[in-house]
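These notes are about the structure you will find just below.
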Amino acid sequence: MGELIKSAFTILYGILHVLNALYQRFIGFLSKVYIPYQFRPLIIGTYARWHKTKMDEAIEPDLHFYPSLSDWFGRPLKPELRPISDAELVSPTDGEVMQLGEVENFRICEVKGYDYDIRDFLGPVDFKTTPGMRLYMCVISLWPGNYHCFHSPTNWKVKEIVNIPGKKTLIQGSVFRFFPRILKEDERVVLSGEWKYGYFSMIPVAALEVGNIVVYTNPVDDVAEIFTTEHRKYDPPIEYKNGQKVGEYKFGSTMVLVFEAPRNYRFTFKCGEVIKYGQQLMQEEHY
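Position one of the sequence shown corresponds to residue 10 (this note's numbering), numbered consecutively onward.
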């Protein structure tokens, strides 16, 4: 019975994937089309209202300012409305928390007992565990109306960047809860290095059919244009400060953090909750 249910969900996911692909390719084309000045409030405004976007958070709320939907996605926000917490770990992006928790024996569990190795997701990085530390994972999914830039979640050093080509699939809600392994099949950029507690990585994932990832320090402009994994090491490493802008999505995506931290650290958010970049993501519990 369990295998039958799993097969049914697999078929359903395949159907949803095809429909999503057609929709996203169409929307992706439209997002890059130049919009005449006089029509921008109507076109972009309709999209913003549909997705309940708070334009009062933008530095430039006038929709005439954005020549395309793609430009609107990367709109800068007023810093006073998005203060960066001084916590050790903050959210790198806006979105919905899809998964978080401790990773045991490098395995990520799915429903019905299926799982996969987190190292398959990270790719060929230099991943060494630190004695006394625990491994954690957090997945945040962006919605179309969200702010589409992502920021450094902590003070850390990037020693490697791995560009991994792959699929671009729908990562939302119940689909992800049943099939979290789709993350390791998707196109992604792995920024791998270390922070004060040991290993740390930040992985933007192209979660939609037209999702394009831009990392400002990445020599690969478009991961979708490569066909094999590209791996670069940096010596000296690239240093990021807490809250520093790292890159942006051109149209929807998902952010994954995989990192080590002490065993008494706990997430401040729960699955299904909405989070904004700069908010505290983890805190130390004192017993």
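A virtual CB, placed ideally from N, CA and C, is assigned to each residue, including glycine.
Bear in mind that the values here come from a model prediction, so they are computed numbers and not experimental data.
- [ ] For the stretch 158-171 and the stretch 255-272, state whether three or more C-beta atom pairs, one from each stretch, are separated by less than 8 Å.
- [x] yes
Open item on the list: Tell me the residue span of the alpha helix (DSSP H) that contains G54.
Closed with: R49 to W59
TODO: Could you tell me which of Y46, Q47 and I53 sits nearest to S40, measuring between CA atoms?
DONE: I53
Task: Proximal residues to T139 (C-beta, below 6 Å), its chain only, five neighbours per side dropped - done: G207 and E269
Task: Neighbourhood of K254 by C-beta, 7 Å cutoff - its chain only, sequence neighbours within 5 removed - done: C158 and H160
Open item on the list: Within a Cβ cutoff of 8 Å, which residues of the same chain sit near Q292, ignoring the five residues on either side of it in sequence?
Closed with: A96, Y274, R275 and T277
- [ ] Check whether the stretch 72-83 touches the stretch 100-116, counting contact only when three or more Cβ pairs, one atom from each stretch, lie closer than 8 Å.
- [x] no
Open item on the list: Quick check: the Cα distance between D65 and N155, rounded to an integer number of angstroms?
Closed with: 13 Å
Open item on the list: Less than 8 Å between the beta carbons of R91 and K285, yes or no?
Closed with: yes
- [ ] Could you have a look at S201 and say whether DSSP puts it in helix, strand or coil?
- [x] strand
Open item on the list: When you compare the CB positions of V99 and T263, do they come within less than 8 Å of one another, or not?
Closed with: no
- [ ] Under 8 Å by Cβ, that's how I've got N172 and V198 pegged, so tell me the actual separation to the nearest angstrom.
- [x] 6 Å
Open item on the list: Between which residues of its own chain and Y243 is the CB-CB distance below 8 Å, once the five residues before and five after are set aside?
Closed with: V167, K168, E169 and I170
TODO: Let me know if F38 comes out buried or exposed under the rule of 16 or more other beta-carbons within 10 Å of its beta-carbon.
DONE: exposed
Task: Spatial distance of I222 from I14 (CA atoms) - done: 34 Å
Open item on the list: Distance check for C280 and C241, CA to CA, integer angstroms please.
Closed with: A small correction: the amino acid at residue 241 is Arg; Cys does not occupy that position in the sequence shown. Cα-Cα distance, rounded: 33 Å.
- [ ] Would you kindly check if the distance between the Cβ of G252 and the Cβ of I20 is under 8 Å?
- [x] no
Task: Span of the alpha helix (DSSP H) around F82 - done: L78 to F82
Open item on the list: Excluding the 5 residues flanking E248 on each side, which residues of the same chain have their C-beta closer than 7 Å to its C-beta?
Closed with: K166
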